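What the sequence shown shows, in the numbering used here, is residues 51 to 173, in sequence order.
First up is the structure itself, then whatever we jot down about it.
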Amino acid sequence: MTFEPLEIALRNLHFYAHHGVLPQEREVGAHFTLNLWLTVEHAEPAIEEDRLEGTISYADVYELAKEEMSRPSQLLEHVAGRLLHQLFATYPNLVEATCELSKDNPPTGAKCDGCAVTLTAHR
51 MTFEPLEIAL RNLHFYAHHG VLPQEREVGA HFTLNLWLTV EHAEPAIEED
101 RLEGTISYAD VYELAKEEMS RPSQLLEHVA GRLLHQLFAT YPNLVEATCE
151 LSKDNPPTGA KCDGCAVTLT AHR
């Protein structure tokens, strides 16, 4: 039997961070929600042998995300791009990753659940 690449999702990771174009956003901070989808090749050691070497640790990905979220930026696009760069630099078996980052209560004047950017990268 052969396996397709493994799909891993980290859903609704919540952060309080200091991203935004307005100076007040970077000073006061806001709530953000992050979703990640990771495609991993050569995951057979995890699937067949119950070994972490064949996959990507959710806890380690969370720590990378937490680190990038702690670095203030004006644009969500920049935060998403930095995180994807870190993921690809860290995990050689990662072949595709999608990052959706939402500011939960953006200063738009509109009543909404958030404004998000979605960025996908491939190896």
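Note that CB positions come from ideal geometry on N, CA and C, so glycine has one too.
Quantities reported herein were computed from a predicted structural model and do not represent experimental measurements.
**Request:** Might you give, ordered along the chain, the residues of its own chain that have their beta carbon closer than 8 Å to the beta carbon of L176, omitting 5 neighbours on each side?
**Result:** Residue coverage of the chain in this structure runs from 51 to 173, which leaves residue 176 outside it and unanswerable.
**Prompt:** Where does T30 sit, in a helix, a strand or coil, going by DSSP?
**Reply:** Look at the range of the chain in this structure, 51 to 173, and you will see that residue 30 is not part of it.
**Prompt:** What are the partner residues of T89, as DSSP defines its beta bridges?
**Reply:** E57 and E146
**Item:** Of the listed residues K161, Q136, N155 and C165, nearest to R173 (C-alpha basis)
**Value:** Q136
**Request:** Name, in chain order, the residues that DSSP records as bridge partners for H172.
**Result:** E146
**Request:** Please classify Y66: is it buried, with 16 or more other beta-carbons within 10 angstroms of its beta-carbon, or exposed?
**Result:** exposed
**Request:** Measure the alpha-carbon distance for N143 versus H128 and round it to whole angstroms.
**Result:** 24 Å
**Message:** Please report the straight-line C-alpha distance between E98 and M51, rounded to a whole angstrom.
**Reply:** 11 Å
**Message:** Among the candidates N62, E54 and L56, whose CA atom is the shortest distance from the CA of K153?
**Reply:** N62
**Item:** Same chain only: Cβ atoms within 6 Å of P95, ignoring 5 sequence neighbours per side
**Value:** R101, E103 and G104
**Prompt:** Helix, strand or coil for A160 per DSSP?
**Reply:** coil
**Residue burial classification, A147 (beta-carbon count within 10 angstroms, cutoff 16)** = buried
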